[in-house]
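Participant: Have a look at this one before I ask anything.
Residue numbers (this note's numbering): 262 to 418.
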């Protein structure tokens, strides 16, 4: 786990933007130049994995930082348009929404009694297990998405 929620969020926002670049290059190669190799599948799959990981990171960091549902939802939504995650990360940083450490222990804050906060702290205190649960969840989502097929194929089956 990274040292702070802000550093993890920054890494994932950048990774999401980088995979958008790879996917864009693959789309140009495929649709602009007729290249039909594995580049599109690899770029699409890597972007899909990072997209899901970014969304999970946005939720976990948002819960840790107590952003509220609106900002957490916006953090997830900005992953949809290309290149929006890094500007959003900069906005969060400018508004002091990424400062602080991981909340591993309960405090006097009444929100710490909420079951979601307890579950988050439990996961953060046991990062190995938390990582395994997240990876298994991502694998389940990716499996369903691979069964459904590429978004360009949706509705054509």
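Note that CB positions come from ideal geometry on N, CA and C, so glycine has one too.
Please read these numbers as outputs of a predicted model, since none were measured by experiment.
Tell me whether the beta-carbon of residue 266 lies closer than 7 Å to the beta-carbon of residue 322.
Facilitator: A contact, by the Cβ cut-off of 7 Å.
Participant: Between 388, 328, 363 and 382, which lies nearest to residue 357 when the distance is taken from Cα to Cα?
Facilitator: Per the Cα distances, 328.
Participant: Under three-state DSSP, which class holds residue 298?
Facilitator: Residue 298: coil per DSSP, three-state reduction.
Participant: Which whole-angstrom value is the C-beta distance of residue 309 and residue 403, which I expect to be below 8 Å?
Facilitator: That pair is a contact at about 7 Å.
Participant: Alpha carbon to alpha carbon, how far is residue 302 from residue 371? Give it in angstroms, no decimals.
Facilitator: The straight-line gap from Cα to Cα measures roughly 47 Å.
Participant: I want to know whether the region 339-358 touches the region 273-293 - three or more CB-CB distances under 8 Å.
Facilitator: Judged by Cβ distances under 8 Å, the region 339-358 makes contact with the region 273-293, as three or more pairs qualify.
Participant: So which of 364, 312 and 414 has the shortest CA-CA distance to residue 280?
Facilitator: Closest by alpha carbon: 312.
Participant: How about residue 391 and residue 384: are their beta carbons less than 7 Å apart?
Facilitator: Yes, the Cβ-Cβ distance between residue 391 and residue 384 is below 7 Å.
Participant: Could you check if residue 359 is buried or exposed, using at least 16 other CB atoms within 10 Å of its CB as the buried criterion?
Facilitator: When all chains shown are included, residue 359 counts as buried.
Participant: Thinking just about the alpha-carbon of each residue, which of 375, 393, 314 and 400 is nearest to the one in residue 276?
Facilitator: The candidate whose alpha carbon is nearest that of residue 276 is 314.
Participant: Tell me whether the beta-carbon of residue 318 lies closer than 7 Å to the beta-carbon of residue 273.
Facilitator: Against a cut-off of 7 Å, the Cβ pair of residue 273 and residue 318 comes out as a contact.
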